[in-house]
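Structure, as structure tokens:
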Amino acid sequence: MRGMKRVYETIGFENSWDTGNAKPRPSYRSDADRVDWEFYRSLRSDSRRKVFRSGHSFFAFGKDENGYLGGDSVEILSPDEEIVGACNTAGLSNDISIVLRVHHAGKSVLLPGDVEKLAWDNMVNFYGSRLKSDFLKASHHGRDTGYHLEALQMIRPVMTFVSVGRKPSTDASHKYRGQCQQALRLGFMVTSCSPLMTTEHGHGPLSIMRRHNPWIMFPETN
Numbered sequence: 367m368r369g370m371k372r373v374y375e376t377i378g379f380e381n382s383w384d385t386g387n388a389k390p391r392p393s394y395r396s397d398a399d400r401v402d403w404e405f406y407r408s409l410r411s412d413s414r415r416k417v418f419r420s421g422h423s424f425f426a427f428g429k430d431e432n433g434y435l436g437g438d439s440v441e442i443l444s445p446d447e448e449i450v451g452a453c454n455t456a457g458l459s460n461d462i463s464i465v466l467r468v469h470h471a472g473k474s475v476l477l478p479g480d481v482e483k484l485a486w487d488n489m490v491n492f493y494g495s496r497l498k499s500d501f502l503k504a505s506h507h508g509r510d511t512g513y514h515l516e517a518l519q520m521i522r523p524v525m526t527f528v529s530v531g532r533k534p535s536t537d538a539s540h541k542y543r544g545q546c547q548q549a550l551r552l553g554f555m556v557t558s559c560s561p562l563m564t565t566e567h568g569h570g571p572l573s574i575m576r577r578h579n580p581w582i583m584f585p586e587t588n
């Protein structure tokens, strides 16, 4: 939740969604971390806090402003009650991430948070090929712990976004890139599943260009 209070102060939001996790207070790396944690606790204690689970559906979830199906929407794919209970019992937090699929203008973006094997296995077993999405934000900033081959094969994204750049000891960018080559052999365009990576810690603006294949991102220079 690092940066949450700053997002609220500079951009703002009107409601918060929670998973009902039992995550304990973390060790603070800085005063800013403490401020963010206290702000997070205040959101969780707010009576307006919403606790959603996989399968929730109501107005604005898949409906237009008149209540008809087919509008822009946000789906909640995970967690379900079983995942929440298992993670709270085991003291895990990554697999309890809210997994969202956002639909807009006929395209879909899958945002899996920091989920790892437990949550991915559950989604693969429940949704199967219904995980198909146009774009994927790689789980856990592209770390190997968030990579799930079977899920990726079900999602079949046109492009995968990997944040925080390359992380030598834990990075799975090469695995996403490997799936690009496999997708090409299966008849997809060469850009299928091409990973886009941001700079480490998100410092500096980025330019995006295509230099042969795949697409690449690099910091802008003066």
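In this note's numbering, the protein residues as written are 367 to 588. Ideal placement from N, C-alpha and C gives every residue a C-beta, glycine not left out. Just so you know, these numbers come straight off a predicted model, no measurement behind them.
Boundaries around Arg467 are those of the beta strand (DSSP E), Val465 to His470, since no alpha helix (DSSP H) includes it. Distances from the CA of Glu375 to each of Asp384, Asp402, Lys389 and Arg395 were compared; the closest alpha carbon is that of Asp402.
In this structure, Asn460 and Asp480 form a Cβ contact; the two beta carbons are roughly 4 Å apart against a cut-off of 8 Å.
For Leu458, DSSP assigns no beta-bridge partner whatsoever.
For Ala538, the closest C-alpha among the options Asp510, Glu404, Lys498 and Asn491 is that of Asp510.
Look at Met520 here: in three-state DSSP terms it is helix. With fewer than 16 other Cβ atoms inside 10 Å of its own Cβ, Ile377 counts as exposed. Taken atom to atom, the span from the alpha-carbon of Arg407 to that of Glu482 is near 24 Å.
Between Ser535 and Gly508, the CB-CB gap reaches or exceeds 8 Å.
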